[in-house]
Amino acid sequence: MWLRRHLKFFIVEAKVNLLKIPTFATLVNIRYDSFEGSLRHAKDLLNAAPTSIETVDSRVLGLAKDDIIWHSVADFFPDESGGNAGKELQGVNLVEYTGNDQTEVDNRIKVLTDLLDAALTEPNSKILGYTLAQGHENVKKIWAMRKKSVGLLGNAKGEGRPIPFVEDTAVPPENLADFIMEFRAVLDTHDLSYGMFGHVDAGVLHVRPAIDMKDEKNEGLIRDITDKVVALTQKYDGLLWGEHGKGVRSEYATEFFGELYPVIQQVKGAFDPHNQLNPGKIATPFDLSKKERVELLKIDEVPMRGQFDRQIPLVNRDQFQAGMYCNGNGACYNFDPNDAMCPSYKGTRERIHSPKGRASLMREWLRGMSEQGLDTQAVSDKIKDTPFIASFFPRLSNTLKKRRGDYDFSNKVHESMMGCLACKSCVGQCPIKVDVPEFRAKFLEIYYSRYLRPVKDYVVGSMEYIMPTLAKYPNPYNWMMEQAWINRFSANYLGITDSPTLSKLNIKKEMDKRGIRFATPNNLKSIGLDKRHSFGKGKAVIIVQDAFTSYFETQLVLDTMELLTRLGFQAFLAPYKPNGKPLHVHGFFKAFEKAANKNLDMLEELAAYKIPFVGVDPSMTLSFRSEYPKVIGDKREIPTVNLLQEWLAEQSEHLSSLNLSSSQLKGSFALEDESYHLLAHCTEKTNAAASIQDWVKVFSLLGLDLKVENVGCCGMAGTYGHETANLQTSKDIYELSWKDKINDETLQDRIVATGYSCRSQVKRFDQKALLHPLQAVLKHLKNSRQD
Ligand code: SF4
Ligand code: SF4
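As structure tokens, then:
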């Protein structure tokens, strides 16, 4: 009874009218040489009875082209050719047709395409061309690009950041083109950059002008521009808010609702007489005590993020840029288990374990640092110059205080950072490219100058250095790692669990046995210039080693060399040098810089012979283009180290000349479905997206089929999954998408994985040994030649 009496103001029943998702869907993607042209064309498009029309301007398209998303939609927006060659794409209309009857949908599309074909023959046509995206799969790809627009705008360069203060205006569709032209003129007067997209059929426009709100003098622009846009929407019989974002803009509500506004206030007063729900927004009641109207919030009197960010000095902002620009669009709150974006968020569902949560905590921490007058760069430099022992006692003291429960905001930030797998999916997939591993590493460096580091960090950081020595004694090492009590001890006292065992093959001995040469200056000198540079048979290539592949999967290194030799290349193995990536992940910047420089010393010497470098492990190889440049800066040149598949795909002419027909290769492969299935590494998928298709291309050139499977993260990511504290989350992440795929009986023996971590995780949780894609190719080459 009590509940019923008190719930009378809430909706307790709702009738929902659900529509079935139409069976057929097609998008007609129309390209224009001006954004105005695309808007003015909308009237004609409406006559062709589409389900919806969306528009996107050139700025958003330009940003999309620099984003990972473009790989999936590029075919639908080809470069102009013929009479339009060289013309710039300035706008697109995405015209959607849906229905349950294919013929009926096709007929409606034909009305439009006839119209477009006719328009294309006209002189001075604004239309450049069009493509069709048929079927839900293709349509979804383009909508994903459109959906990413808000985030993409946030990725524009410079300090000005897109702000949604005149977002979401709505005018009758027939007024939209004129309205937008005037709207643009207002923004152009202030010399602001902006991108526009929206629902042409509904007259709704999304626009976020880029303003540097950290600069106090720009604050006035908010009032100035909003007043002008309000006047414009009224001039064109529209509204300031079409779908969302009323909030503090409700101060204009009185102008739009006119004589109805007091009625809205009465409703507010009846349900919320004390103005407790969303106070100051939408409508305010009368203050019963003072018998007067409570004021609405004002757009320029509420706290703004720029005011907080401004408190962080430029030097700190610069050093932590990777987290400063998160615009909160929430694309990282991604629940799709088959998408790489933020496994730690998917595994925990806690916002502090998302890129957005981490970036917000980081900004707050930077503000705290600034309040204490600390310059993060100076702190970092000092850490590098301070001997370990000198700061030991203060660190011990702080650690003891932390154990006692003393409050320090840094500990909350630390908790969030420690949940990060450093998989770099955020860097590739966040529209703003918020780079959590980068600012996480910088934070850890500073944090551990105040607190003691766990032993596991030193173990992980030194691993690449001790591996060559340990690898000389694989049997005793492996025996130890296989003892349950040692694993328990390691898990409980070192914080490391399920350590992998070393390969029993000694790389040097195996190389000697096979007559494979190391890439030493003497060996390289012996190759003729033509072979160093030429395409095709005899062309030389140097494999850059990494600790994981060389010492835990030595067979894979040998297989790489064998495959390249069988394909007619002259393969050399670079001498082993620690890459330093594990040091970077844990914020050992000084040691990382040293490792990077030593590695570069070696590569620089070898680079003189102009032989391409190639790496096998995706994460370690990609560090040459992500972590290395950040720490090396302009100090020296970093040679290109390609992923194996990137380099092989470039040798397409030679590979196809080998004429390895599928029957030759698949001779002994008596399985019904002869495709291989690739489960790619997160970092590779999100930071070098095109390289995944390179594998497909290489397989195809060699007469094999490869399908790329959609999976999320395997949950291992370097050593994350081996840290005791992360074991359960690592398992949870693995079970989100990998487990089912690995145990899918229809795929047995045909799953290949590019990442060492991924293969190691599968071995740990499902006791299955996956091949690297190159090993699958080698297997077929061997079979085809009856070796
Ligand atoms: S971190 Fe998340 S919320 Fe922030 S910009 Fe990137 S995707 Fe958007
Ligand atoms: S690196 Fe991976 S786990 Fe860490 S925040 Fe980015 S996406 Fe999430």
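In case it helps, our numbering puts the sequence shown at residues 248 to 1034. Every residue, glycine too, gets a C-beta built ideally from N, C-alpha and C. Every value quoted in this text rests on a predicted model; they were computed, and no experiment measured them.
Residue i by DSSP, collapsed to three states: which one?
{"i": "Val440", "result": "The amino acid occupying residue 440 in the given sequence is Ser; Val does not appear at that position. Strand."}
{"i": "Phe582", "result": "coil"}
{"i": "Val418", "result": "coil"}
{"i": "His453", "result": "strand"}
{"i": "Pro715", "result": "helix"}
{"i": "Ser299", "result": "strand"}
{"i": "Glu809", "result": "helix"}
{"i": "Leu918", "result": "Because the pLDDT of Leu918 is 43, which lies under 50, any placement of that residue in the model is unreliable, and the number read from its coordinates should be weighed accordingly. In the structure shown, Leu918 sits in coil (DSSP, three-state: anything other than H, G, I, E or B)."}
{"i": "Lys545", "result": "coil"}
{"i": "Tyr344", "result": "strand"}
{"i": "Gly742", "result": "coil"}
{"i": "Tyr572", "result": "coil"}
{"i": "Ile426", "result": "In the sequence as presented, Ile is not what sits at residue 426; that position holds Phe. Of the three classes helix, strand and coil, the one that applies to Phe426 here is helix, per DSSP."}
{"i": "Thr767", "result": "coil"}
Taking the alpha-carbon positions, what's the residue i to residue j distance?
{"i": "Glu335", "j": "Asp364", "result": "20 Å"}
{"i": "Leu254", "j": "Ala731", "result": "Low confidence applies here, because Leu254 scores a pLDDT of 46, under 50, leaving its location unreliable and the question unanswered by this model."}
{"i": "Asp556", "j": "Ile546", "result": "18 Å"}
{"i": "Tyr499", "j": "His453", "result": "18 Å"}
{"i": "Lys772", "j": "Lys786", "result": "14 Å"}
{"i": "Val626", "j": "Pro634", "result": "14 Å"}
{"i": "Ser285", "j": "Phe324", "result": "15 Å"}
{"i": "Ala842", "j": "Tyr720", "result": "24 Å"}
{"i": "Ala821", "j": "Ala578", "result": "40 Å"}
{"i": "Leu1025", "j": "Met963", "result": "26 Å"}
{"i": "Gly376", "j": "Leu362", "result": "12 Å"}
{"i": "Asp314", "j": "Lys680", "result": "9 Å"}
{"i": "Gly494", "j": "Trp942", "result": "49 Å"}
{"i": "Asp565", "j": "Val433", "result": "31 Å"}
{"i": "Gly615", "j": "Tyr698", "result": "17 Å"}
Does residue i pass the burial test, meaning 16 or more other C-beta atoms within 10 Å, or should it be called exposed?
{"i": "Gln676", "result": "buried"}
{"i": "Met867", "result": "buried"}
{"i": "Met460", "result": "buried"}
{"i": "Ser644", "result": "exposed"}
{"i": "Asn385", "result": "buried"}
{"i": "Asp586", "result": "buried"}
{"i": "Asp1034", "result": "Bear in mind that a pLDDT of 46 at Asp1034, under 50, signals an unreliable position, so the model cannot answer this."}
{"i": "Ala391", "result": "exposed"}
{"i": "Glu800", "result": "buried"}
{"i": "Gln1008", "result": "buried"}
{"i": "Pro520", "result": "exposed"}
{"i": "Phe582", "result": "exposed"}
{"i": "Val476", "result": "buried"}
{"i": "Lys482", "result": "exposed"}
{"i": "Arg650", "result": "exposed"}
{"i": "Gly553", "result": "buried"}
{"i": "Glu921", "result": "exposed"}
{"i": "Lys760", "result": "exposed"}
Does the Cβ-Cβ distance between residue i and residue j come in under 9 Å?
{"i": "Ile356", "j": "Ala366", "result": "no"}
{"i": "Thr416", "j": "Trp488", "result": "yes"}
{"i": "Gly959", "j": "Ile939", "result": "no"}
{"i": "Thr213", "j": "Tyr344", "result": "Because the chain spans 248 through 1034 in this model, residue 213 falls outside it and cannot be assessed."}
{"i": "Gln1014", "j": "Val999", "result": "no"}
{"i": "Phe426", "j": "Val413", "result": "no"}
{"i": "Thr930", "j": "Gly862", "result": "no"}
{"i": "Tyr856", "j": "Pro768", "result": "yes"}
{"i": "Glu885", "j": "Phe819", "result": "According to the sequence displayed, residue 885 carries Ile and not Glu. Not in contact: Ile885 and Phe819 (Cβ atoms no closer than 9 Å)."}
{"i": "Leu292", "j": "Asn340", "result": "yes"}
{"i": "Phe238", "j": "Leu830", "result": "The chain is shown from 248 up to 1034; residue 238 falls before or after that span and cannot be answered."}
{"i": "Asn347", "j": "Lys267", "result": "yes"}
{"i": "Ser440", "j": "Gly398", "result": "no"}
{"i": "Leu925", "j": "Lys954", "result": "yes"}
{"i": "Phe835", "j": "Val878", "result": "no"}
{"i": "Val342", "j": "Val451", "result": "no"}
{"i": "Gly527", "j": "Val514", "result": "no"}
Pair every Cβ in the stretch 604-615 with every Cβ in the stretch 413-422, then say whether three or more of these pairs are closer than 8 Å.
-> Cβ pair count under 8 Å is below three, so no.
Quick check: the stretch 959-970 against the stretch 586-594, are there 3 or more CB pairs under 8 Å?
-> Yes, since at least three Cβ pairs between the stretch 959-970 and the stretch 586-594 fall closer than 8 Å, the two stretches touch.
Any contact of the stretch 442-451 with the stretch 292-310, i.e. 3+ C-beta pairs under 8 Å?
-> These segments touch.
Any contact of the stretch 721-738 with the stretch 870-880, i.e. 3+ C-beta pairs under 8 Å?
-> These segments do not touch.
Are at least three pairs of beta-carbons, each pair with one atom in the stretch 670-689 and one in the stretch 980-996, less than 8 Å apart?
-> Taking one beta carbon from each stretch, the stretch 670-689 and the stretch 980-996 have fewer than 3 pairs nearer than 8 Å; the two do not touch.
Contact between the stretch 749-764 and the stretch 661-678: three or more CB pairs below 8 Å?
-> In short, these stretches do not touch, since the Cβ pair count stays below three.
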